[in-house]
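*Asks:* Chains as they are written, first to last, in this note's numbering: chain A, 552 to 914; chain B, 30 to 528; chain C, 1444 to 1771; chain D, -1 to 342. Cβ coordinates follow ideal geometry from the N, Cα and C atoms, glycine included. Pasting in a structure now, in structure tokens, and then I'll have a few things to ask.
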Ligand SMILES: Nc1ncnc2c1ncn2[C@@H]1O[C@H](COP(=O)(O)OP(=O)(O)OP(=O)(O)O)[C@@H](O)[C@H]1O
Ligand SMILES: Nc1ncnc2c1ncn2[C@@H]1O[C@H](COP(=O)(O)OP(=O)(O)OP(=O)(O)O)[C@@H](O)[C@H]1O
Ligand SMILES: [Mg+2]
Ligand SMILES: [Mg+2]
């Protein structure tokens, strides 16, 4: 055991040492560069330590299947954080979708038989997604119309949604999901799990919405300075509403992934994800105060923690030792960032880093 | 009293760079007891930075600060304060969540290295200063609930609560009316008698010359002039600051008599704010609205822009009546607004200049598929950047890194990009140096000439005179008089405002 | 509903062996609800003993919080490490279906515990028949109360299958044999949390002043209840019984606040799971009467309701008289 | 900024809370005769003690403009490791010494938070999110995971656990530890309102840069703040051990968000600069009042989680509406008119 601990200490020191040096040379968007780097470093480290287990295709596939649901939930939190808010209810919303789909499916199945249930599947899934969207809209209502601070509003709805799910299921785990979903969990295209592909698609879509559409820009500005946004004729209500609806939508998709990984739904699934995704979002370079975030950074952060988790498993380190590593990485990254920015005050440009800024010179 | 020999404060060729930019490039000056030393310079010329260095907020790259003959290598704010240096910061640096009294007294409490804080002592200390200055301030109100002017007064009181040896004022008068400025100056003179050395930063050159004995002018962080105030006129200082001739003569183009009416207020009113305000603004016209602080001039603007909607009367924009209940209504009706409080209401400080510029007109760039048309975005940004002559490395720079003059141009650009029918500007040149001021007004003239209707709310009378076709004077929420054509003249306005 | 930071949602624990993947590496892994908990620390003792006795590579793993996603992640990581057998004590039976299937497809022997009716396992091994166990508890409670009065049942989580069966078994027993007893509330959820159990017990004492008996299910339920009863000064008039382990309940057994606790030795359960796994791995079969060579599991009985579930007779009842025989 | 600050505070929030509490009490009294008893009251007091101590720490951090989610980890780390160590050493220095040691441990952990946060100017929520999982991980992996039951606790601790301030036969009792809890609450109140340190915390929460400029040593103040909060958390942890008569390393962690919610219900601003001890006490009491009486109110177990969520939303919702400025949700930094006349 102890020699693995040394290995652990060793990797941390190595990572941090090499890193700050390399960071100087990496001029990618805040959050993206460092995560890409960290991902590569951790991956190589574990690959070298336990090639047999870690590089085993089964392991790689499993990572590709496990990461997406967390990735989607992280993106859901990210967009809320982009407006200076946060969404603690993402897991509850995801479960809401999963439970809806699963129970509707089984209900129809019992009433009219499997075939019928499969026939209704598309509609059922749609309803499930709709539930997620509605829950998100309720968050949006609380935040934008009632004016409750997001962290409190969503803390409340987290409990509420979770509680309602408990009431609905009576605490029992319900089994059953449309075969389309079930098969989705297992299949892969060109060796890449379908779930991974779904995550990437959603991420690209979200990135486009945030950076290339008026509403996306408004969301960013809302986070950067709500007052100035209002004085620019941007309606906080519609922006915030949109934000939390999107958050609900992404959570709903995550809920579908829950089902596709395992055809059952319960009120308690994923409770341990809530704070984990916040960690991921921040590691991904999102500014907790709002105004800046990169989708790519969040994706990389998700993968990095996934890799570290499996790596620790391969090294036979315990869940608690992994928790320690997670904390160390989080703080390590933040500190290194800070040190880096202190050195270059003017390099910091929250806002639109991830797209080239036109200068008169260019024209 | 005549300044005595030994300087209380000396600065020896201080150099300060921020990421390559020379904020200060070998500046030296000395401050004698009982003298008022004025620091002039355009936005971004280095005034605030110099002040931050003297007060220990920023460390110089090289050069030294000598206080009472003692040379400080690593001057901390604490040291500075304890050795009698008091600063009124440009942004006031007040605590919005604390009472006025505590804001005023906190500094002395800290300076006295106290451990226990006593309400009574704090209130007493605060009241002493406030009464000393003959001000009326609600000492128990949270600063968050006070007006910009009140906040500025509180910042001044705070600086005076400790008997300071050196008093530094970074644009202390931007939000003050003449009466208040006069009051401040009497205080300054009284302090002078007590042998306090005062350093005074202002963009209002007539003020500068009225109060100071010595003038130092900075340009791009370098000292370009330093000498007795007596040897200077506003013109000479302006020339030193900008390196060119600056004119403030009144030039207003003709408004064609058949120009369409763009904005029409009919007996507009808001309980507790103003009442019965009626006027019409025609295309190409620049209308000035002035009055004492609290006269309701800002409230009129805020009603037009839907911040605090009017509760009686009607607003017609380009002939059609508009219900303006929110800012969105106003914006959609074709009204733009450049707010008084640039930093919090006008700008996204941590967002690039480029994205600030299109903040109000995002929807107009929607191309097919709902995506932004990035070529058009790029073009109009580059165009505005050039037209408004914004000094910045490129449009990707954070607005936080701009000085007031440039920051204000960005706010302007944001609205120009939306091409509103009517543009309302509240204190458009507050804290903006004459160079930028002249250019900003020139831009407004252009826009008016191009058919926009412009309303300027300001208490900078010379500015109004140079720019406006017509000037309304507001008193206690009512328009008490209107000056047009040749009536528009500084003294006439003064006279009617006093009346 | 309470969340806990730093939990490896994607997390997993020990696992993987130096030998490269592909072929089975001979490891036996018991995946428990959560590590760092008294009950499963005890199970780990058994697991390690079994490893020493048999010279096999056996170990226990578990998430840091008792969550389904945590167990799924661990098992997925294990599959990549190709152990010989995995035995799981699930947080959520249905929630492991797919990943266990994946394990079986990968040629790994899959055993389960506290999971009657779980899908995709070769054998489920129970310490005893759950409803019978519940009935046994009610038997004692009935005696203690003289067969009359109000009582309340606690479960760790409403979602916990075994707990539900225990209270159900007890409830049925009560209706059959102790008609004069009345259950005044549906089973109360203690969230596996002693403080919650304590507070709810206090409320119940206030609401039902002459309540006669409590039945606990989670290991800490009886302790929380016991404290509430003790503070109400009703240690003698109220019977508190339920599942727990001596080390946790001892203080209150001494004071009489807890009258009797029931459990099955987690260490033995751990050994039994591994024994079953070993038999299966070596091509053997489990049937009625099989002797696992583990105390309490000398002659397995087949449970109805599931075709692959077997139970030992490992239930233990402990009160003040024999509590000192147990060091866990 | 100033607008954001005032976002969460109603004009006289404490008043609002008292009203809400009264309503809840009446509702409960009506729905259950068993409610109006000394027992219920004492139970309420008792279950409020630990959350209140935590809440006071959270309050101070919130006022300074931060959010701390690591206090439960610090609490259990300090309490468990101290108790374990004392038992291991076979010594029983008496409860107060044990508490003192625990608070020392807590202070050290707090120091870690403080240094990282103040020295590198990092977002507090994130830092404490990290340290929390580090503390918990270290506790379980390297210090111990074994449940320490009443039987093994030092006798002096058990003795203190059983000491009552006043007993109502059958109706429960008032626990002695209420005394130190009240003392701590008063001390914190005085610290915040009557000391320069306290006022500096408000100042930093109001505007950190301005605080620097008036000569407050922000870094030092923050570090001390977190040390203090760490010690406070440790005291809460020991209190938990004493009241619960067990040391369980799995306990406490997971309650952080609920405590923060209670403090904000109590009128503290999540954006810093505002908050009062009185409000915090009321907030905690309200939450406990609700949590404690769900069974009494006859709310079915399955509904209880949802019920808590709804009540929390009602609470913060009422507050948000109370703090509402003219222009709906959006923060409005325009000064109210009547102020202008003052200066004019
Ligand atoms: N914190 C900073 N980071 C980077 N650059 C800075 C900073 N502060 C000042 N500068 C640079 O120093 C120059 C001078 O700033 P300074 O505040 O002294 O100007 P100023 O004379 O006060 O302008 P204004 O009249 O607008 O107040 C600025 O143009 C800016 O480029
Ligand atoms: N973070 C920063 N990065 C770059 N430059 C900065 C920064 N902060 C301040 N500056 C510089 O400081 C100078 C003055 O800042 P300041 O806010 O005092 O000017 P201002 O108040 O906007 O100008 P004015 O007071 O004349 O309106 C500006 O020229 C700006 O370039
Ligand atoms: Mg300046
Ligand atoms: Mg300035």
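1. I want to verify the contact list: residues of chain A whose CB lies under 8 Å from the CB of residue 307 of chain D, in sequence order.
2. Mind listing the chain B neighbours of residue 844 of chain A? Cutoff is C-beta to C-beta under 9 Å, in chain order.
3. Residue 1537 of chain C touches chain A at which residues, Cβ-Cβ below 7 Å?
4. Are any of the Cβ atoms in chain A nearer than 8 Å to that of residue 1633 of chain C?
5. Please give me, in chain order, every unbroken run of the alpha helix (DSSP H) with length at least 4 that falls completely inside the stretch 168 to 205 of chain B.
6. Since residue 136 of chain D meets chain A, which of its residues come closer than 7 Å, beta carbon to beta carbon?
7. Counting contacts by CB-CB distance shorter than 8 Å, is residue 1622 of chain C in contact with chain A?
8. Are any of the Cβ atoms in chain A nearer than 8 Å to that of residue 318 of chain D?
9. For the alpha helix (DSSP H) that contains residue 403 of chain B, what are its first and last residues?
10. Please name the residue in A:676, A:854, A:591 whose C-alpha comes closest to that of residue 612 of chain A.
11. Could you work out which residues of chain D lie near residue 394 of chain B, taking near to mean beta carbons separated by less than 7 Å?
12. Let me make sure I understand the geometry here. Which of D:235, D:262, D:188, D:221 has the alpha-carbon closest to that of residue 93 of chain D?
13. Bridge partners of residue 1761 of chain C, per DSSP?
14. Given a limit of 8 Å on CB to CB distance, which residues of the stretch 771 to 800 of chain A reach chain B?
15. Using only the alpha-carbon positions, how far apart do residue 46 of chain B and residue 52 of chain B sit?
16. Only counting the same chain, and skipping five residues up and downstream in sequence, which positions put a Cβ closer than 8 Å to that of residue 163 of chain D?
17. If we cut at 8 Å on Cβ distances, does residue 857 of chain A have a partner in chain D?
18. Residue 62 of chain D and residue 317 of chain D: beta carbons closer than 8 Å?
19. Establish whether the CB of residue 283 of chain D and some CB of chain A are separated by less than 8 Å.
20. I want to know whether the stretch 805 to 817 of chain A touches the stretch 1491 to 1501 of chain C - three or more CB-CB distances under 8 Å.
21. Using a Cβ-Cβ cut-off of less than 7 Å, give me the residues of the stretch 1637 to 1665 of chain C that come near chain D, in sequence order.
22. Tell me whether the stretch 1522 to 1532 of chain C and the stretch 1718 to 1731 of chain C touch, counting them as touching only if at least three CB pairs, one residue from each stretch, are closer than 8 Å.
23. Along the chain, where does the alpha helix (DSSP H) that runs through residue 155 of chain D open and close?
24. Work out the CA separation of residue 132 of chain D and residue 1595 of chain C for me, nearest whole Å.
25. With a floor of 4 residues, list each alpha helix (DSSP H) that falls wholly inside the stretch 1668 to 1704 of chain C, ordered by position along the chain.
26. Between the stretch 738 to 768 of chain A and chain B, which residues of the former have CB atoms less than 7 Å from a CB of the latter, in chain order?
27. Check the Cβ of residue 685 of chain A against every Cβ in chain D and list those closer than 9 Å, keeping chain order.
28. Note down, in chain order, every chain C residue with its Cβ under 8 Å from the Cβ of residue 734 of chain A.
29. In whole angstroms, give me the CA-to-CA distance for residue 1750 of chain C and residue 1726 of chain C.
30. Is any beta-carbon of chain C found at less than 8 Å from that of residue 652 of chain A?
31. To the nearest angstrom, how far is the alpha carbon of residue 1641 of chain C from that of residue 1649 of chain C?
32. Considering residue 347 of chain B, what are the terminal residues of the beta strand (DSSP E) in which it resides?
33. Anyone know if the C-beta pair for residue 45 of chain D and residue 291 of chain D falls short of 8 Å?
34. If we require 4 or more residues per run, which alpha helix (DSSP H) segments fall completely within the stretch 758 to 785 of chain A?
35. If we ignore side chains and look at the alpha-carbon of each, how far apart do residue 1411 of chain C and residue 705 of chain A end up?
36. Please specify which runs of the beta strand (DSSP E), each continuous and at least 3 residues long, are wholly inside the stretch 257 to 321 of chain B, giving them in chain order.
*Replies:* Once the coordinates are examined:
1. Start at 1 with the first residue of the fourth chain, and residue 307 of chain D comes out as number 309. Near residue 307 of chain D (Cβ distances below 8 Å), the residues of chain A are 707, 708, 709, 710, 711, 712, 713, 714.
2. Stepping through the first chain from its first residue, residue 844 of chain A is reached at position 293. Chain B residues near residue 844 of chain A: none, gap ~13 Å exceeds 9 Å.
3. To locate residue 1537 of chain C, count along the third chain from 1; it is residue 94. Those are 724, 726, 815, listed as they occur along chain A.
4. Numbered from its first residue, the third chain carries residue 1633 of chain C at position 190. Taking 8 Å as the threshold, the shortest C-beta distance from residue 1633 of chain C to chain A does not fall below it.
5. The alpha helix (DSSP H) runs lying completely inside the stretch 168 to 205 of chain B and spanning 4 residues or more are 177 to 190, given in chain order.
6. Translated into positions along the fourth chain, residue 136 of chain D becomes position 138. Close to residue 136 of chain D, with beta-carbon spacing below 7 Å, are these residues of chain A in chain order: 875.
7. The residue labelled residue 1622 of chain C in the question sits at position 179 within the third chain. Chain A has no Cβ within less than 8 Å of the Cβ of residue 1622 of chain C.
8. The count along the fourth chain starts at 1 and reaches residue 318 of chain D at position 320. Yes, its Cβ sits closer than 8 Å to a Cβ of chain A.
9. Mapped onto the second chain, residue 403 of chain B falls at position 374. If you look at residue 403 of chain B, you'll find it in the alpha helix (DSSP H) that goes 403 to 416.
10. Taking the first residue of the first chain as position 1, residue 612 of chain A is located at position 61. For the residues A:676, A:854, A:591, the minimum Cα distance to residue 612 of chain A belongs to A:854.
11. Here residue 394 of chain B refers to the residue found at position 365 of the second chain. What residue 394 of chain B touches in chain D: nothing, since even the nearest Cβ is about 24 Å away.
12. Indexing the fourth chain from 1 puts residue 93 of chain D at position 95. Out of D:235, D:262, D:188, D:221, the CA that lies nearest to the CA of residue 93 of chain D is found in D:235.
13. On the third chain, residue 1761 of chain C is found 318 positions in, with the first residue counted as 1. In DSSP, residue 1761 of chain C forms a bridge with C:1704.
14. The residues in question are 771, 772, 775, 776, 778, 779, 780, 781, 782, 783, 784, 785, 786.
15. Indexing the second chain from 1 puts residue 46 of chain B at position 17. Indexing the second chain from 1 puts residue 52 of chain B at position 23. Straight-line Cα distance between these residues: approximately 5 Å.
16. Residue mapping note: residue 163 of chain D aligns to position 165 of the fourth chain, counting from 1. Counting only Cβ-Cβ distances below 8 Å, and skipping sequence neighbours, we find 171, 172, 173, 174, 176, 177.
17. Taking the first residue of the first chain as position 1, residue 857 of chain A is located at position 306. By this cut-off, residue 857 of chain A is not an interface position.
18. The residue labelled residue 62 of chain D in the question sits at position 64 within the fourth chain. The residue labelled residue 317 of chain D in the question sits at position 319 within the fourth chain. Between residue 62 of chain D and residue 317 of chain D, the CB-CB gap reaches or exceeds 8 Å.
19. On the fourth chain, residue 283 of chain D is found 285 positions in, with the first residue counted as 1. Not closer than 8 Å to any Cβ of chain A, the Cβ of residue 283 of chain D fails to qualify, so no.
20. Short answer: they don't touch.
21. Residues of the stretch 1637 to 1665 of chain C with a C-beta less than 7 Å from any C-beta of chain D: 1637, 1638, 1642, 1643, 1645, 1646, 1647, 1649, 1650, listed in chain order.
22. The stretch 1522 to 1532 of chain C, when compared against the stretch 1718 to 1731 of chain C, does touch it at the 8 Å Cβ threshold.
23. Position 157 of the fourth chain, counting from 1, holds the residue named residue 155 of chain D. Start and end: 153 to 159.
24. Position 152 of the third chain holds residue 1595 of chain C. Position 134 of the fourth chain holds residue 132 of chain D. Their Cα atoms are separated by approximately 40 Å.
25. If one requires a minimum length of 4 residues, the alpha helix (DSSP H) runs lying completely within the stretch 1668 to 1704 of chain C are 1689 to 1698, in chain order.
26. Flagged, chain order: 763, 764, 765, 768.
27. Here residue 685 of chain A corresponds to residue number 134 of the first chain, with the count starting at 1. Residues of chain D whose Cβ lies closer than 9 Å to the Cβ of residue 685 of chain A do not exist, since the nearest Cβ in that chain is about 16 Å away.
28. Taking the first residue of the first chain as position 1, residue 734 of chain A is located at position 183. Residues of chain C passing the Cβ test: none, with the nearest at roughly 11 Å.
29. As a first step, residue 1750 of chain C is located in the third chain; it is residue number 307 there, counting from the start. As a first step, residue 1726 of chain C is located in the third chain; it is residue number 283 there, counting from the start. Looking at the two C-alpha atoms, the distance is approximately 18 Å.
30. Start at 1 with the first residue of the first chain, and residue 652 of chain A comes out as number 101. Cβ-Cβ to chain C under 8 Å: no for residue 652 of chain A.
31. Translated into positions along the third chain, residue 1641 of chain C becomes position 198. Translated into positions along the third chain, residue 1649 of chain C becomes position 206. Take the alpha-carbon of residue 1641 of chain C and the one of residue 1649 of chain C: they are about 12 Å apart.
32. The residue given as residue 347 of chain B occupies position 318 in the second chain. No beta strand (DSSP E) contains residue 347 of chain B, which DSSP labels as neither H nor E.
33. Against the fourth chain, residue 45 of chain D aligns to sequence position 47. Against the fourth chain, residue 291 of chain D aligns to sequence position 293. No; because the gap between Cβ atoms is not below 8 Å, this pair is not in contact.
34. For the stretch 758 to 785 of chain A, the full-length alpha helix (DSSP H) segments reaching 4 residues or more read 765 to 775, 777 to 782 along the chain.
35. The requested residue 1411 of chain C does not occur in the structure, where chain C is confined to residues 1444 to 1771.
36. The stretch 257 to 321 of chain B contains these whole beta strand (DSSP E) runs: 290 to 299, 303 to 311, 315 to 319.
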